[in-house]
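Protein chains in written order, with the numbering used here: chain F, 61 to 172; chain L, 61 to 172.
Okay, structure coming up:
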């Protein structure tokens, strides 16, 4: 999905060449975060998605922490839309640096 | 490399169908562990390798902890040879469950 014009600036994030495999793997080593990234990859409906779209039954402060961890690792890009932060996956950057990693996330299923 | 006959039994480890992406990624989210797995993938000289082969300048207790974490996540198989534990990567199992993941580990380089 191409970037629509006139978006807010992204929140602080690592540049492409600063992405580190150990950091990205650490940020993804959590079922809730895998679920967030997987839903963004497979069920995307628009460019950026707010927290509420994910339908996660967790306190907002906990969700904010997880989204921030994903952003600081370089997995998602977040933008501030008024009071709301919305996210998308940095698909091109991750494919360039860690080819195939997002396929593993897309194929992941929660433990029974 | 095919498994030579007459090896000791493997130490306890998760079965192929019990490997979990979140656990494997967590176990790999550490530069020392990436270095261990990468060296096993790229510089293998025999079937199983003892701790000393890796040339890691860390206390033995710390190394034991890291090797155990890799085994319990299903990334390496460990066997007890007398007083020594030796390891190899569960390449076929990991390729079957998480195709491409070991390529990312092999391509990893430590941060400068």
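Every residue, glycine too, gets a C-beta built ideally from N, C-alpha and C.
Could you work out which residues of chain F lie near residue i, taking near to mean beta carbons separated by less than 7 Å?
i, result
"residue 82 of chain L", "89, 90, 91 and 94"
What in chain F is Cβ-close to residue i, meaning under 8 Å?
i, result
"residue 171 of chain L", "80"
Note down, in chain order, every chain L residue with its Cβ under 9 Å from the Cβ of residue i.
i, result
"residue 163 of chain F", "159 and 160"
Does any C-beta atom of chain L lie closer than 9 Å to the C-beta of residue i?
i, result
"residue 85 of chain F", "yes"
Since residue i meets chain L, which of its residues come closer than 7 Å, beta carbon to beta carbon?
i, result
"residue 168 of chain F", "81"
Should residue i be labelled buried (16 or more other beta-carbon atoms within 10 Å of its own) or exposed?
i, result
"residue 118 of chain F", "exposed"
"residue 172 of chain L", "exposed"
"residue 125 of chain L", "exposed"
Give the C-beta separation of residue i and residue j to the nearest angstrom, bearing in mind that I take them to be a contact with Cβ-Cβ under 8 Å.
i, j, result
"residue 149 of chain L", "residue 101 of chain L", "6 Å"
"residue 61 of chain L", "residue 131 of chain L", "Incorrect: roughly 18 Å between the Cβ atoms, too far for contact."
"residue 67 of chain L", "residue 139 of chain L", "6 Å"
"residue 160 of chain L", "residue 78 of chain F", "With a Cβ gap of about 22 Å, residue 160 of chain L and residue 78 of chain F do not count as contacting."
"residue 134 of chain L", "residue 74 of chain L", "4 Å"
"residue 98 of chain L", "residue 166 of chain L", "6 Å"
"residue 114 of chain F", "residue 96 of chain F", "6 Å"
Should the segment 78-86 of chain F be regarded as contacting the segment 90-101 of chain L, the criterion being three or more beta carbon pairs within less than 8 Å? Inter-segment contact for the segment 78-86 of chain F and the segment 90-101 of chain L is present: three or more beta-carbon pairs are separated by less than 8 Å.
Flag this pair as touching only if the segment 145-156 of chain L and the segment 97-113 of chain L have three or more C-beta atom pairs under 8 Å; answer yes or no. Note that the segment 145-156 of chain L touches the segment 97-113 of chain L; at least 3 beta-carbon pairs, one per stretch, sit closer than 8 Å.
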